[in-house]
Each structure stands twice: as structure tokens, then as C-alpha cells.
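Residue numbers (the numbering used here), protein chains in the order written: chain A, 92 to 202; chain B, 5 to 688. All residues carry an ideal CB built from backbone N, CA and C; glycine is no exception. Nothing here was measured: the structure is a model prediction, and the numbers come from that model.
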């Protein structure tokens with residue numbers, strides 16, 4: 092039993108990467124949902140993006156896509172950087188307006 | 005040439021009417037010169053036509069026809085053309101001269117009489133309309149068109165009777181004239197319809213040709229008699245014959261020159277003209293009825309005229325009486341005499357009315373200057389002794405009075421004498437002795453009441469010196485027409501023989517048309533009739549002179565010498581006097597029978613309207629109201645309930661769902677994730 096698990100671990104295949112990616116996605120989602128601080132939420136978003144990147148690269152490695160996945164991963168990283176810049180600018184404006192970056196206090200859209 | 009001339013004669017007065025009605029007030033002198041001038045032109049043209057017709061082609065009947073409206077496929081009758089045509093024979097040209105002459109003189113007279121009146125130009129416009137329609141009656145060649153012009157003269161008569169429409173009595177009189185005439189016209193229209201149904205034509209020539217060839221409407225003599233009598237109904241209305249004579253005395257509410265033109269000389273003679281026109285198709289029975297209607301009218305009107313005090317009322321009843329004479333003459337077959345009386349009567353009766361107008365004008369002026377609004381300017385009891393004040397009026401009035409009384413050397417003698425001879429001859433042949441008897445009685449009554457009028461107005465002591473001594477003769481423009489008419493009341497215009505008309509041009513020009521009705525006038529043929537007239541003529545002449553003289557003498561003794569007291573005479577006559585003074589209660593009887601009858605009927609209809617029709621309307625309203633209450637309930641409770649329920653439901657849903665909208669981004673993300681998971685589980 093133990094040996095099979097170690098053996099399974101010793102031969103990394105697509106499923107291993109997907110599991111790591113899923114864990115990373117879950118952690119990112121967790122952060123996005125539970126954190127009160129906007130910055131933390133943005134970091135969660137980064138985790139989700141990176142989990143997607145792992146998926147792209149993994150699929151690229153284990154299927155016939157060759158380097159396409161890596162290319163898209165590069166794009167995602169670049170776009171994530173841009174997105175982070177835009178998001179931080181928004182966060183700055185939010186702070187200017189509400190004097191807080193606690194998401195629980197930002198509920199003016201309440202019905 | 006005749007046709008063009010006659011069209012010109014017909015249309016010139018119409019032109020005057022159109023110009024005056026639209027722009028009369030803007031013309032200098034309000035356009036009286038235009039109306040008068042146009043009528044003078046038509047008079048000259050008419051005289052030219054008369055002379056050229058009588059000298060050129062006396063036996064010819066000239067017609068010119070064009071189709072006015074053509075129905076190619078009319079219902080029931082097939083092809084049908086309504087013709088517009090002119091027919092000119094001797095009757096027409098004589099009548100044309102009569103109408104245009106009197107009309108011209110009245111136009112002239114009115115310049116003086118109507119001076120300064122309100123609606124002066126409108127007065128001349130109406131005169132033009134009247135002249136046009138009257139000439140239309142004279143010239144037309146078919147019954148339908150005649151009917152149209154017939155109604156047109158009715159309209160202008162209505163307008164002119166009601167000329168002073170601010171006065172209640174004038175507007176009432178206008179209504180009365182129009183409505184009473186309508187009764188007669190209704191009969192006339194039915195008569196035309198019967199003839200049209202029978203022969204599919206309304207032109208005189210067509211009708212006479214059809215009847216002459218032996219066709220009869222509905223193949224029966226009875227229908228022919230009926231259609232003749234129904235057409236005569238029109239004449240009864242227009243010529244104020246018994247029993248429709250009641251409108252004419254009231255028509256005196258109009259201006260006096262109008263009374264002279266319309267209600268004495270021309271329009272009321274239109275009825276006589278109509279009878280003369282359709283004379284050939286009248287059956288013996290119809291003619292007998294016509295003769296008796298005329299006789300009764302003459303007697304009734306003359307008996308009323310004796311006791312009237314209004315100068316115009318006396319003349320009005322005298323007009324009715326003389327019209328009765330003419331109708332009676334036509335009825336007995338003395339065609340020429342009847343028509344000749346129309347012509348001579350037009351001259352002297354128009355003269356009498358214009359003379360009365362001159363008197364009223366002078367009286368009115370003095371009363372106006374003295375600010376006397378109580379004294380009646382038309383009541384002969386307020387006059388007397390006007391002879392020296394108004395010499396021209398007096399002498400012309402005397403000539404007219406002699407003419408209407410039938411004194412030799414006047415035109416009236418010629419025609420009246422012939423009428424009396426005609427009735428006498430008729431009675432010797434057929435035994436209707438009542439007709440000449442009435443004729444002679446009326447002749448006596450006529451000379452009596454006319455001289456009574458003359459004496460009370462012009463002779464004797466003035467009733468009121470302060471009025472009479474201020475009276476002045478009327479202006480030239482009013483006396484010249486009087487003099488012209490007085491000249492025309494003398495015998496030599498009609499016949500050079502002062503005691504016999506039958507040798508004159510008139511008798512040669514106007515011949516009794518040959519009757520086309522089968523079995524006419526049995527057993528007396530026309531030759532026999534003329535023979536009879538000839539044999540009774542001298543006797544009748546002597547009798548009529550004696551009777552007229554007796555009437556004059558009686559009037560002289562009663563009113564001038566006063567050897568016979570008028571009051572005692574009235575007392576002796578008893579109910580006759582009262583009846584005569586109250587016009588034999590015709591107005592009252594008609595009021596009771598027809599006016600109250602129609603008022604009663606109207607009341608009944610009003611009750612029906614009020615109770616039954618309104619009841620139905622109100623009932624349906626109640627039903628509708630009930631329905632609407634129910635539907636209102638349904639509306640507020642059911643329909644509104646549903647609507648409100650929908651609104652409430654969506655509000656409730658909104659409230660519930662708004663709880664989901666927390667405003668916190670993370671909640672939404674949770675929703676998205678969970679939804680995604682649910683969808684994922686459901687569909688994959």
C-alpha cells in the first residue's frame with residue numbers, strides 16, 4: 092500500500108500536476124471568499140491564475156500541444172501583472188473614497 | 005328672336021337680384037336705379053315682343069326646349085328627360101307685358117314710398133327675385149318648371165310680406181301666407197304627379213297631345229278630372245280662393261307697393277294664369293267645380309269687404325272677390341273674358357293699391373311729424389276730405405274705382421260685362437242660375453264698397469283737421485305710376501268700342517284654346533255657348549250698369565248724404581253685419597280646426613315623446629346603470645384584485661430576493677461557485 096503510493100509519487104504524470112493545481116485553485120478561492128482585506132483577495136486571485144498556469148503547462152507537457160501551453164502560461168503571467176496593476180489602482184481609489192479596504196464594510200450595493 | 009328676347013326678359017331681373025343682394029348697399033342710392041332700370045328694359049322688350057307677336061305671327065306657338073337633366077335608366081320609367089323650355093303664345097306675351105309693366109311702375113313708386121326705409125336695397129333685390137320668378141311662371145313650357153317658379157314667387161312673397169319682420173304681426177302674416185299656400189301647392193304637386201305617371205311628360209304640349217289622342221291617366225275620366233282639380237288646388241292657394249283665401253288679407257302687412265305688385269296684380273293672378281294654361285285638359289266636371297269655387301269666393305270676399313275699415317283690407321278682399329270672378333269666368337268657359345279681367349284688374353287694382361299707398365304715405369308722414377303713434381294711418385275712419393289735399397291721388401283713385409265698379413268707358417266694364425254675359429249664357433244652357441246671380445250680387449256689392457271707401461277716404465268732413473290739413477300730395481315719382489295706370493284703366497287700350505270687348509284686339513289675340521278633352525261641355529258646344537253669350541249680352545250689359553249704379557247710389561246716400569244711417573243698416577242686417585265684420589269667422593274656425601288641431605296633435609306627440617319614448621330611453625338607462633354597477637363591482641374586486649395581487653406578489657418576491665443582494669462581493673462569488681458546482685453536477 093505504502094509502496095504503491097510512493098511508487099505513484101515517483102512517477103509524476105498529468106494527474107499529479109492537476110491535483111497540485113486543484114489544491115492551489117482551492118486555496119486561491121478560499122482566500123478570495125474568506126479574506127477581509129482586498130489585498131489578500133487579490134493575492135487569492137493570483138493563486139487561481141497560477142493554478143491555471145500549472146494546468147496549461149502540464150497539459151502542454153503530457154499531450155501533443157508541445158510549447159503552446161507554455162506560451163499561454165507566459166501570456167497569463169504578463170496579463171496577471173497588468174491586472175494586478177489595474178486592481179491595485181482600483182484599490183487605491185476605493186481606499187480614497189471609503190477610507191478602508193475591508194471588504195465587509197464595502198456594501199453600498201446592498202439591496 | 006322671340007326666344008332670345010324672352011330669355012333676356014327672364015334673366016335681367018335675376019341679374020338685378022344677384023347684384024343687389026350681394027352689393028346693393030355699396031351702390032349709389034342703394035341700387036334702386038338698377039332694379040328700376042332693368043325692369044324698364046324688360047318692359048320695353050316685352051312690349052316689343054307683344055307687338056311683333058300679335059302683328060307678325062298671332063296664331064303661332066313658339067317653343068324652345070333643351071334637356072335639363074336626362075336619366076337614361078331611371079327606375080320604373082326608363083329613359084326620362086326633364087326639360088327646360090320656353091313657350092310663347094299670345095297668352096304669354098300679354099301676361100309678360102302685364103307683369104313687367106306693373107313691376108316697373110311699382111319699382112318707380114317705391115322710390116318715393118320706401119325712401120329712407122331700413123333694408124332699402126334688399127327691398128329692391130326681393131322685387132327683382134319676384135319679377136324673375138313671376139316671368140318664369142309666365143314663360144315656362146312645362147308644369148314641373150312652373151311648379152318651381154311657383155314656389156319661388158311664394159318665397160319672394162314670403163320675404164316681402166315679412167319685410168318689416170321686427171313686427172310680430174308681419175312675420176306671422178308671412179308664415180301664414182307661406183303655410184296656407186303650401187296646402188294648395190301640395191295638391192298641385194299631386195296633380196302633376198298623376199299626369200306624369202300617366203303620360204311620362206310634364207310639358208303642356210306633350211300632355212295636351214297625349215290627352216287629345218284619347219289617352220287618359222289610368223284610363224279613366226275620373227283621374228283626368230281629379231288631376232285637373234288638384235292642379236287647380238295650386239291656383240286656389242296662390243289666387244286666394246275659398247277656402248284658402250285667408251292668407252291674402254293678412255299679407256297686407258307688407259309694404260303697400262308690394263301689395264300692389266304681388267298681392268293684387270301679378271302673383272295672385274298666377275293662379276288664374278295656371279288655370280288658363282291647363283284649360284284645354286280640364287273636364288266639364290272640373291270646370292264646374294272651378295266655376296262654383298270662384299263664385300263662392302267672389303261672394304264671400306265681397307261681403308266681407310263691405311264692413312272693413314282698414315283701407316288695405318278693403319282692397320285685399322276686393323282683390324279676392326275679383327280673382328273669384330276670373331276663376332268663375334274660366335270655369336264657365338268664358339276664357340277670354342276671364343283672362344281679360346286679369347289684365348284690366350291688374351292695372352286698376354295695382355292703381356288702387358298704389359293710390360292707397362300714396363294716402364298711407366301722406367298720412368304716415370303727417371302723423372310722424374306730429375309724433376302721433378296712436379292713430380292708425382290705414383284706418384279710413386281717420387281720413388275723410390283728402391280730395392282737395394291730394395288731387396292727383398283722388399282723381400286717379402276715382403278712375404280706378406269706376407273701373408272696378410264696372411262703369412262704361414272703363415276697362416273694368418269691358419271685362420266684367422263679358423264675364424257676366426258668360427255666366428248668364430252658361431246658366432241658360434246648363435241651368436246653373438246661381439252663378440250669374442252671384443255675379444250680379446257681387447257686382448253690386450263691389451260698386452257699393454268701393455264707393456264707400458272712396459267717399460270715406462276722400463270726401464266728407466275730415467275726421468281730424470289737424471292731421472288732414474297738413475296732408476300734402478305725394479311726390480311725382482309716386483303720382484306718375486298712378487297716372488299711367490289710370491290711363492290704362494280706360495277702355496281704348498283694350499277695345500275701341502266702349503261697350504263691347506269682342507271687337508277689340510284683345511279678343512282677337514286671346515282665343516279660347518280648343519278643348520282636347522273628350523265629351524267636353526255636353527250638351528252645349530262652344531258655338532252654342534258663343535251664340536248664347538251674344539244673345540244675352542245686351543240684357544246683361546244693361547243689368548250690370550243698373551246694379552253698379554244702384555250700389556254707387558246706395559253708398560252715396562249712406563256715406564255722403566247720410567240720409568240712410570249706416571248704423572241702422574248694420575243693425576237691421578244683424579248677424580249678417582257681424583259675420584261680415586268678423587270675416588265670417590274663417591280665421592277663428594281655422595284656428596279651432598287646424599291650428600288647435602295641430603297644437604293638440606303636437607301636444608299628444610309631446611306626451612308620447614315625454615312618456616313613452618323618454619320612458620324607453622330612461623328604462624334602458626336604468627338597465628345600463630344596473631349593469632354598470634355590477635361591472636363596477638367586478639372591476640374593483642375581481643380585476644383590480646388580480647392586478648393588485650400581481651403587484652403584491654412581485655413586491656413580495658422582490659423583498660425576499662433583495663435579501664440575497666448583500667452588497668458584498670464575496671457573497672456573490674460564493675453564489676457563483678455554488679451555482680457552478682450545482683450546474684456541474686446537474687449537467688455533467
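{"Query": "Would you call residue 595/B buried or exposed, if buried means 16 or more other Cβ atoms sit within 10 Å of its Cβ?", "Result": "exposed"}
{"Query": "For residue 266/B, I'd like the list of residues in its chain whose CB is within less than 7 Å of its CB, leaving aside the five on either flank, ordered along the chain.", "Result": "134, 161 and 164"}
{"Query": "Just to make sure I have the definition right: I need the residues of chain B whose C-beta is within less than 8 Å of the C-beta of residue 194/A. Which are they?", "Result": "668, 669 and 670"}
{"Query": "Skipping 5 residues on each side, what residues in its chain have a beta carbon closer than 7 Å to that of residue 398/B?", "Result": "390, 391 and 462"}
{"Query": "Taking the C-alpha atoms as reference points, what is the distance between residue 547/B and residue 443/B?", "Result": "11 Å"}
{"Query": "For the alpha helix (DSSP H) containing residue 369/B, list its first residue and its last residue.", "Result": "339 to 373"}
{"Query": "Would you call the segment 6 to 24 of chain B and the segment 126 to 140 of chain B in contact, with 3 or more CB pairs under 8 Å?", "Result": "yes"}
{"Query": "Report buried or exposed for residue 330/B, applying the criterion of at least 16 other Cβ atoms within 10 angstroms of its Cβ.", "Result": "buried"}
{"Query": "State yes or no: is the C-beta of residue 243/B within less than 8 Å of the C-beta of residue 352/B?", "Result": "no"}
{"Query": "For residue 125/A, report the span of its alpha helix (DSSP H) as first-last.", "Result": "105 to 125"}
{"Query": "Considering Cα atoms alone, identify which of 158/B, 283/B and 344/B is closest to residue 231/B.", "Result": "283/B"}
{"Query": "In angstroms, rounded to a whole number, what distance separates the CA positions of residue 321/B and residue 554/B?", "Result": "21 Å"}
{"Query": "Please confirm if residue 191/A has its CB atom under 8 Å from at least one CB of chain B.", "Result": "no"}
{"Query": "At a cut-off of 7 Å, is residue 478/B close to the ligand ADP when judged by its beta-carbon and the heavy atoms of the ligand?", "Result": "The model on display carries no ligand, and the ligand ADP is accordingly not part of it."}
{"Query": "Tell me which residues share the same chain as residue 94/B and place their Cβ nearer than 6 Å to its Cβ, disregarding the 5 neighbours each side in the sequence.", "Result": "513 and 514"}
{"Query": "For residue 357/B, which option in 402/B, 316/B and 394/B has the closest C-alpha, if you only look at C-alpha atoms?", "Result": "316/B"}
{"Query": "Who are the neighbours of residue 628/B on chain A, taking C-beta pairs under 7 Å?", "Result": "Within 7 Å Cβ-Cβ: nothing; residue 628/B doesn't reach chain A, min ~50 Å."}
{"Query": "Please go through the same chain and pick out, in chain order, the residues whose beta-carbon is closer than 7 Å to the beta-carbon of residue 105/A, but skip the five residues on each side of it.", "Result": "149 and 153"}
{"Query": "Are the C-beta of residue 156/A and some C-beta of chain B separated by less than 8 Å?", "Result": "no"}
{"Query": "Taking 8 Å as the CB-CB cut-off, is residue 182/A touching chain B?", "Result": "no"}
{"Query": "Give a yes or no on whether 8 Å exceeds the smallest Cβ distance from residue 133/A to chain B.", "Result": "no"}
{"Query": "What are the partner residues of residue 494/B, as DSSP defines its beta bridges?", "Result": "414/B"}
{"Query": "Using 8 Å as the cut-off, can you tell me whether the segment 359 to 371 of chain B makes contact with the segment 427 to 436 of chain B, which would need three or more C-beta pairs spanning the two stretches below that distance?", "Result": "no"}
{"Query": "By DSSP, does residue 88/B sit in helix, in strand, or in coil?", "Result": "strand"}
{"Query": "Could you tell me the distance, in whole angstroms, from the CA atom of residue 346/B to the CA atom of residue 113/B?", "Result": "22 Å"}
{"Query": "Could you tell me the distance, in whole angstroms, from the CA atom of residue 250/B to the CA atom of residue 235/B?", "Result": "20 Å"}
{"Query": "Checking contacts by CB at 8 Å: is residue 676/B closer than that to chain A?", "Result": "no"}
{"Query": "Residue 168/A touches chain B at which residues, Cβ-Cβ below 9 Å?", "Result": "The contacting residues do not exist; residue 168/A stays about 23 Å from chain B at best."}
{"Query": "By Cβ distance, which residues of its chain are closer than 7 Å to residue 439/B, with the 5 residues on each side in sequence left out?", "Result": "295, 299, 332, 336, 427, 430 and 431"}
{"Query": "Indicate the three-state DSSP secondary structure (helix, strand or coil) for residue 66/B in the structure shown.", "Result": "strand"}
{"Query": "Within 8 Å of any Cβ in chain B, is that where the Cβ of residue 120/A sits?", "Result": "yes"}
{"Query": "Which whole-angstrom value describes the C-beta separation of residue 128/B and residue 39/B, a residue pair presumed to lie in contact below a C-beta threshold of 8 Å?", "Result": "4 Å"}
{"Query": "Compare the C-beta of residue 123/A against all C-beta atoms of chain B and say whether one is closer than 8 Å.", "Result": "yes"}
{"Query": "Is residue 673/B close to chain A? Criterion is C-beta to C-beta, closer than 8 Å.", "Result": "yes"}
{"Query": "Counting only runs that start and end within the segment 99 to 178 of chain B, where is the beta strand (DSSP E) found for 3 or more residues in a row?", "Result": "none"}
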